[in-house]
Amino acid sequence: MSHALSSEALETLFTGARTHSAWLDKPVSDTQLAEIYNLMRLGPTSANCSPARFLFIRSPEAKARLKSALSSGNIDKTMSAPVTAIVAWDPAFFEQLPTLFPYADARAWFTSSPELAEETAFRNSSMQAAYLIAACRALGFDTGPMSGFDREKVDTEFFSANGWKSNLLINIGYGDPAKAHTRLPRLAFEAACRVA
């Protein structure tokens, strides 16, 4: 691909998009969540390792279980969001590498180094969280990514059976445009970048 996106597409993904904290009462279906996932999974990860795992919290019961792990500033916006994605990473992600990266014995790179496995899983699941945000925006949804939660509580409550480790939360739905915040400042190129 060698062409730039249209200004309208850039507006959808970046220039016009906002982080949302207030939501319209409009559901997000299982079919829509699968569409979001099937788009975001195409984003690149190192050695195609794809360590991110996603738990989409939608039911009132699951929201109630999540609530006690949230910092106070994140409760209202999370409880009112149609869906909250817990973006996690699988410590045993490398078990999928014979399928995902059949060109080498990539599994052995990580079975011999737990530190490398954890660093790789955390870094790449963070990238995949960004792809999830981009996929949501591309498909007409709004998002509100968050830290501000107790990872140990989330992992105990939701991942004790599979061992996944939570990374961040992303509220997903249709943001209330009347309550969207104006964009906060960003660092200028000269403040954040160097060219060597």
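The opening residue of the sequence shown carries number 1 in full-length UniProt numbering; numbering runs sequentially from there.
Idealized CB from N, CA, C, for every residue including glycine.
Computed from a prediction, not measured in an experiment: that's the story for all the values here.
Burial state of K179, where buried means 16 or more other Cβ atoms lie within 10 Å: Here residue 179 refers to the residue found at position 179 when the sequence shown is read from its first residue. K179 is exposed by the Cβ-count criterion.
Cα-Cα separation, S151 to R65: Position 151 of the sequence shown, counting from 1, holds the residue named residue 151. Position 65 of the sequence shown, counting from 1, holds the residue named residue 65. For the record, residue 151 in the displayed sequence is Arg; it is not Ser. When rounded, the distance between both Cα atoms is 13 Å.
The segment 6-22 touching the segment 35-44, judged by at least three CB pairs closer than 8 Å: Short answer: they don't touch.
By Cβ distance, which residues of its chain are closer than 6 Å to Q128, with the 5 residues on each side in sequence left out? Along the sequence shown, read from residue 1 onward, the residue named residue 128 stands at position 128. Sequence-distant partners of Q128 (beyond 5 residues in either direction) whose C-beta falls short of 6 Å from its own C-beta, in its chain, are A52.
Would the beta-carbon of K67 fall within 8 Å of that of I75? Along the sequence shown, read from residue 1 onward, the residue named residue 67 stands at position 67. Along the sequence shown, read from residue 1 onward, the residue named residue 75 stands at position 75. Going by C-beta atoms, K67 is nearer than 8 Å to I75.
Just to confirm the assignment, what range does the alpha helix (DSSP H) spanning P145 have? On the sequence shown, residue 145 is found 145 positions in, with the first residue counted as 1. Counting along the chain, P145 falls outside any alpha helix (DSSP H), though it belongs to the beta strand (DSSP E) covering 142-146.
Using DSSP with H/G/I as helix, E/B as strand and the rest coil, what is V28? By 1-based counting over the sequence shown, the position of residue 28 is 28. Note: V28 maps to coil in three-state DSSP.
Rounded to the nearest angstrom, how far is the Cβ of C153 from that of A47, given a contact under 8 Å? As a first step, residue 153 must be located in the sequence shown, where it is residue number 153. As a first step, residue 47 must be located in the sequence shown, where it is residue number 47. In the sequence as displayed, the identity of residue 153 is Lys instead of Cys. About 32 Å separates the beta carbon of K153 from that of A47, a gap too long to meet the 8 Å contact definition.
Since A130 contacts W89 with CB under 8 Å, what's their CB separation in whole angstroms? Numbered from its first residue, the sequence shown carries residue 130 at position 130. Numbered from its first residue, the sequence shown carries residue 89 at position 89. With a Cβ gap of about 14 Å, A130 and W89 do not count as contacting.
Verify the CB distance criterion: does Q128 have a CB-CB separation below 8 Å to chain B? Protein chain content of the structure displayed is limited to a single chain, and chain B is not contained in it.
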